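So, in structure tokens, the structure goes:
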């Protein structure tokens, strides 16, 4: 199992009644969730799909390296990359 953990920026102020999630280490990931659980699930899925077809997995940033604005927070997205690679084949 190749478990990866990426810090993600959660922004409840970007879109009304949604939480926008961006993952600075995987720039193609930008999702909207209706609540925190939905946002985590969608971000995890987007990261898995983005990295499933590559052999170069980006090194996760340390949380203190990220800049957040007022109202934003940093949460960690954990996933098993092997599951996404298996389903991609």
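In the working numbering, the protein residues as written are -18 to 70.
Built from N, CA and C at the ideal position, the CB exists for glycine as well.
Keep in mind that this is a model prediction, so the values were computed, not measured.
Return the residue from the list the options that minimises the CA-CA distance to residue i.
i	options	result
residue 12	66, -11, 32 and 33	-11
residue 10	17, -1 and -13	-13
residue 27	-5, 58, 67 and -18	58
residue 4	66, -9 and 64	-9
residue 15	8, 25, -4 and 51	-4
Just the C-alpha distance for residue i and residue j, rounded to the nearest angstrom, thanks.
i	j	result
residue 93	residue -16	The question about residue 93 has no answer, for the chain in this structure spans -18 to 70.
residue -7	residue 35	30 Å
residue -18	residue 45	27 Å
Where does residue i fall in DSSP's three states?
i	result
residue 21	helix
residue 58	strand
residue 6	coil
Using the beta-carbon count (16 or more within 10 Å), is residue i buried or exposed?
i	result
residue 54	exposed
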